[in-house]
Amino acid sequence: MTRTDRLHYRGYEIVPQRQWSSWCAGIYPTRADLPLLPRSTLKTLAGQKEEAIAEARQAIDHILAQLGYRRTSRSARAKFPSGN
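So the sequence shown is numbered by the working numbering: it starts at -9 and just counts up by one.
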């Protein structure tokens, strides 16, 4: 496992990492308008890489829902670009 394994989800970069015999995931915003997530990378250790990624996605969904960020699809953004 290398730190180059990165996934993108709702404007965040998810970086799965092997820690001891478990997996965890770092969550980093890729845009200035997104909030930082208030949790440690090591707070949740999962037995499988996919579990760690799923937990990271749930954390992103949870914080964005609490803050009122709407989920938009890429096609909707392409049809209605900002500024028009």
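Virtual Cβ for every residue (Gly too), placed ideally from N, Cα, C.
Exercise. For A42, which of helix, strand or coil comes out of DSSP?
Worked result: Along the sequence shown, one-based indexing puts residue 42 at 52. In the structure shown, A42 sits in a helix (DSSP, three-state: H, G or I).
For this session: Can you give me the start and stop residues for the beta strand (DSSP E) that A15 sits inside?
Result: Here residue 15 refers to the residue found at position 25 of the sequence shown. Run containing A15: 12 to 19, per the beta strand (DSSP E) assignment.
Problem set entry | Proximity to S11 [Cα-Cα], best of I4, I17, A36 | Against the sequence shown, residue 11 aligns to sequence position 21. Looking at the Cα atoms, A36 is the closest of the given residues.
For this session: Provide the residue span of the beta strand (DSSP E) that contains L80, from first to last.
Result: The question about residue 80 has no answer here: the residues shown for the chain are numbered -9 through 74.
Exercise. Can you give the Cα-Cα distance for L(-3) and Q56, rounded to whole angstroms?
Worked result: The residue you call residue -3 lines up with position 7 of the sequence shown. The residue you call residue 56 lines up with position 66 of the sequence shown. Whole-angstrom Cα-Cα distance: 23 Å.
Exercise. For the candidate residues G1, T20, G16, whose alpha-carbon lies nearest to that of I43?
Worked result: As a working mapping, residue 43 is identified with position 53 in the sequence shown. Selected option, being the one with the closest Cα: G16.
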